[in-house]
Structures are given as structure tokens and as C-alpha cells.
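Numbering (the numbering used here), first residue to last: 1 to 195.
Beta carbons are placed, not taken as given, at the ideal position from N, Cα and C, and that holds for glycine.
Note that the coordinates shown come from a computational prediction; the quantities given were computed from them, not determined experimentally.
Working notes, beginning with the structure itself.
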């Protein structure tokens with residue numbers, strides 16, 4: 001089977017990273033909550049959305065190394081590949097930040113995948129030619145259809161419920177922080193659905 005996987009917040013876990021980077025830069029007080037949404041809310045409440053946008057550029061660019069793979073992700077993807085499944089990574093990610101230093105997000109994500117053994121290592125679940133970074137959400141959904149994914153794993157319902165999401169692809173909603181009936185909270189559960 002063809003299995004598609006999202007990158008940000010599905011493979012790469014940014015828990016605490018936005019808080020840590022913003023705190024290190026002196027952009028937030030320590031009393032701000034540590035979740036991404038709490039950090040975002042702080043900037044929005046301060047009428048400083050451009051600073052939030054700039055922080056995203058820093059985290060997804062030069063500070064991406066602070067992100068960690070979700071527990072069980074690499075092992076699960078390796079097991080699926082060993083069982084003969086074809087794996088592709090399909091992400092919605094602009095090439096450069098809107099504000100701030102011009103760091104290539106696609107290269108930063110690819111380097112992160114190398115450093116964390118998702119590509120270019122023995123038993124890696126992906127190869128460089130199975131990584132697809134799309135600058136628009138519609139292009140991401142089109143790529144899922146084009147590559148004939150039987151399953152697609154993503155943390156965003158707006159992808160899985162997109163009007164053009166392919167009917168022949170089973171969506172898997174990865175949500176470790178929100179407990180919903182339709183979601184999977186941990187990567188170990190993926191094999192229960194696919195295998």
C-alpha cells in the first residue's frame with residue numbers, strides 16, 4: 001500500500017520549542033504557557049501577529065533542530081516499510097518565511113529528516129525522492145491524489161477533510177494532544193489501522 005505522511009506536528013514534534021525560542025529571544029515573559037497555541041495567543045493579544053509570524057520562521061528554519069520526532073514514529077514507519085509498504089512524505093510548507101531571515105524551509109526540514117534518520121540512513125523509511133514539499137495546501141492535497149495514497153496521516157483536519165481529498169484514501173488523524181474518537185494519540189496505533 002501507499003502511505004502518505006505529513007511532516008510538521010506529525011513526524012516533527014515542536015512541543016515546547018516555540019516557547020523556548022521566544023523566551024531565549026526575550027520576546028515573551030516566562031509566565032506565558034508553553035504550548036504553541038499559548039505562545040501564539042500571547043502575540044495576538046499583544047497585537048503583534050508579525051512577531052508570531054517571524055517566530056514561526058525561526059522555529060521552522062534555523063531552530064528546527066530543537067524539534068524531536070514523535071515517540072514511536074521512526075520505528076513505526078520503519079516497520080511499515082519493512083512490510084513492503086511504500087512511504088511518501090507530503091507536506092504543506094512554504095520555501096521561505098514571510099518575515100525575517102531567508103532560510104529555506106524545505107532544506108531545513110530535509111536536513112532535520114537526515115539528522116533524525118528518516119532519510120539517508122540504513123532502514124530509513126523515506127528517501128530524498130519521496131519527499132514532497134508543497135507551497136500551497138491545495139497542491140498538497142493534489143499530491144496525495146497523484147501519488148495514489150491508500151492512507152494519509154496528518155495532524156490537520158483541514159487536510160483530511162479538504163473538499164478534494166481523494167475518496168480512495170483513508171485519512172488517519174494524528175492528534176497526541178487532543179483526545180478525539182476519530183484520532184490516534186500515538187504512532188504505535190498507526191499499525192493497528194494499516195496492518
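| query | result |
| --- | --- |
| Cα-Cα separation, residue 60 to residue 70 | 16 Å |
| Simplified DSSP assignment, three categories, for residue 25 | coil |
| Residue 170 (DSSP reduced to helix, strand or coil) | strand |
| One or two residues paired with residue 5 in a DSSP bridge | 89 and 153 |
| Through-space distance from residue 26 to residue 166, alpha-carbon basis | 44 Å |
| Which residues DSSP lists as bridging residue 184, in chain order | 174 |
| Burial state of residue 121 (16 or more Cβ within 10 Å) | exposed |
| Residue 43: first and last residue of the uninterrupted beta strand (DSSP E) it sits in | Not the beta strand (DSSP E): residue 43 falls in the alpha helix (DSSP H), residues 36–45. |
| Inter-residue spacing [alpha-carbon to alpha-carbon] between residue 30 and residue 97 | 26 Å |
| Residue 194 versus residue 137: straight-line alpha-carbon distance, rounded | 25 Å |
| Where the alpha helix (DSSP H) containing residue 105 begins and where it ends | 105–115 |
| Buried versus exposed, by CB contacts within 10 Å (16 or more), residue 56 | buried |
| Three CB pairs or more closer than 8 Å across the segment 114–131 and the segment 70–81 | yes |
| Contacts around residue 190, its chain only, beta-carbon distance under 6 Å, and the 5 residues preceding and following it disregarded | 76 |
| 8 Å Cβ cutoff met for residue 154 and residue 174 | yes |
| Bridge partners - residue 201, DSSP secondary structure assignment | There is no way to answer for residue 201, as the model of the chain reaches only from 1 to 195. |
| Same chain, Cβ closer than 8 Å to residue 50, neighbours up to 5 away in sequence not counted | 99 |
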